[in-house]
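Visitor: One structure, as structure tokens, below. Some questions next.
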């Protein structure tokens, strides 16, 4: 009975996530999306959110972030110096499960902070910005991100609703052709201007100009209504999100999830190769695996009762 209750919670939460917002994935895409795994937790985050559940949230709800807006030129100077050294880059190995798929379309990053993990390279190369972040406990993760000319991020939703996304324009084309679209609403970056949005809505980004785009990117803790939910959010960030830490350089911490990711992704590479050569076999094996897991967890324990039921019917 408990297993079926858990399954029902997952199904109801996943359906809520699927129908949240104007822009939606297909049912098939959402079924296999990583956000479905965290759907029950995210459902609670939305229910207890102090800020409106909408694609863009007024920055007035986050007054502590004003210090970033006020110091944007100083932050830009460190970003420029880092970029000149080639510090903003894609990972050269499979050690960034959170953003691995973005690298192939031109997106790059440099971590300034990631939950409770250590990034000595950030303190060394960007001392002023990292010092500023020490006084902003609501920021759980931060980085400089680059979207080169003619680059894009595909439509996706981030997996965890315990945070909201803050962007501060540093070096941008200041052009409407360089934008992010969140649930069908576009925002174009401008130097020195900031925006907060809910990254668990489907969003994508494009830079179709001939100029680079570098921004300060941060995950800000979602304000929640109860102390219990606040504590749970802190615990989840400390235990789970920290495990997704990815290094900038040797000496930075690599989280446990990313240590495993490198091995698991090798299976993904082989699966992609199979999909290219034999799509029918690929989808057969995919559904066979999913239905097999479902059978073992939810059906097999009741096989004797099911057989007895049909024997009575006969």
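Numbering (this note's numbering), first residue to last: 1 to 314. C-beta: ideal position from N, C-alpha, C; glycine also.
Going by the CB atoms, is the gap between residue 211 and residue 149 shorter than 8 Å?
Guide: yes
Visitor: So what does DSSP say about residue 70, is it helix, strand or coil?
Guide: helix
Visitor: So residue 194 packs on residue 175, CB below 8 Å; how close in whole Å?
Guide: That pair is no contact at about 18 Å.
Visitor: Here's the rule I'm using: 16 or more other beta-carbon atoms within 10 Å means buried, otherwise exposed. How should residue 201 be labelled?
Guide: Around the beta carbon of residue 201, 16 or more other beta carbons lie within 10 angstroms, which makes this residue buried.
Visitor: Work out the CA separation of residue 144 and residue 165 for me, nearest whole Å.
Guide: 13 Å
Visitor: Would you call residue 163 buried or exposed, if buried means 16 or more other Cβ atoms sit within 10 Å of its Cβ?
Guide: Residue burial annotation: residue 163 is buried, with at least 16 other C-beta atoms found within 10 angstroms of its C-beta.
Visitor: Of the residues 59, 199 and 47, which one's Cα is nearest the Cα of residue 229?
Guide: 47
Visitor: What whole-angstrom Cβ distance do residue 130 and residue 75 have, given they're in contact under 8 Å?
Guide: 11 Å between Cβ atoms; not a contact.
Visitor: Residues in the same chain with beta-carbon distance under 6 Å from residue 157, minus the five sequence neighbours each way, listed in chain order, please.
Guide: 35, 200 and 202
Visitor: Say whether chain D places a C-beta atom closer than 8 Å to the C-beta of residue 231.
Guide: As a matter of chain content, chain D is missing from the structure shown, which is built from one protein chain.
Visitor: When you compare only the Cα positions, how much space is there between residue 192 and residue 169?
Guide: 5 Å
Visitor: Name the residue from 116, 266, 124 and 6 whose alpha carbon lies nearest to the alpha carbon of residue 254.
Guide: 116
Visitor: Quick check on DSSP: helix, strand or coil for residue 11?
Guide: helix
Visitor: Cβ of residue 112 within 8 Å of Cβ of residue 90?
Guide: no
Visitor: What is the rounded straight-line gap between the Cα of residue 304 and the Cα of residue 103?
Guide: 50 Å
Visitor: Going by C-alpha to C-alpha distance, which of 123, 232 and 66 sits closest to residue 371?
Guide: This structure gives no information on residue 371, because the portion of the chain shown stretches from 1 to 314.
Visitor: Between which two residues does the beta strand (DSSP E) carrying residue 231 extend?
Guide: Run containing residue 231: none in the beta strand (DSSP E); it sits in the alpha helix (DSSP H), 227-236.
Visitor: Quick one: what's got a C-beta closer than 6 Å to residue 21's C-beta in the same chain, skipping five residues either side?
Guide: 183 and 201
Visitor: Rounded to whole angstroms, how far is the Cβ of residue 262 from the Cβ of residue 94, which I believe are closer than 8 Å?
Guide: 4 Å
Visitor: What is the DSSP secondary structure of residue 199, counted as helix, strand or coil?
Guide: coil
Visitor: Quick one, which of 120, 8, 234 and 177 has its alpha-carbon nearest residue 139's?
Guide: 234
Visitor: Assuming residue 243 is part of the alpha helix (DSSP H), what are its boundary residues?
Guide: No alpha helix (DSSP H) holds residue 243; DSSP gives it neither H nor E.
Visitor: Leaving out the 5 sequence neighbours to the left and right, which residues in its chain are closer than 8 Å to residue 259 when beta-carbon positions are compared?
Guide: 95
Visitor: Count the other CB atoms within 10 Å of the CB of residue 64; is the residue buried (16 or more) or exposed (fewer)?
Guide: exposed
Visitor: Note down the Cα distance separating residue 18 from residue 136, rounded to an integer number of angstroms.
Guide: 33 Å
Visitor: Please report the distance separating the alpha-carbon of residue 272 from that of residue 284.
Guide: 14 Å
Visitor: Measure from the alpha carbon of residue 161 to the alpha carbon of each residue in 215, 61, 280 and 220, then state which is nearest.
Guide: 220
Visitor: In the DSSP assignment, find the unbroken beta strand (DSSP E) run with residue 104 in it and report its ends.
Guide: Segment: none, residue 104 is in no beta strand (DSSP E) and carries neither H nor E.
Visitor: Going by beta carbon distance, what residues of the same chain come within less than 6 Å of residue 159, once the five residues before and after it are set aside?
Guide: Cβ-Cβ distances below 6 Å link residue 159 to 34, 35 and 38 in the same chain, with the five nearest sequence neighbours on each side left out; the list follows chain order.
Visitor: State the Cα-Cα distance for the pair residue 206 and residue 105, rounded to the nearest angstrom.
Guide: If you take the alpha carbons of residue 206 and residue 105, they lie about 10 Å apart.
Visitor: Can you give the beta carbon distance from residue 177 to residue 208, rounded, assuming they're within the 8 Å contact cut?
Guide: 5 Å
Visitor: Report the three-state DSSP secondary structure of residue 119 (helix, strand or coil).
Guide: coil
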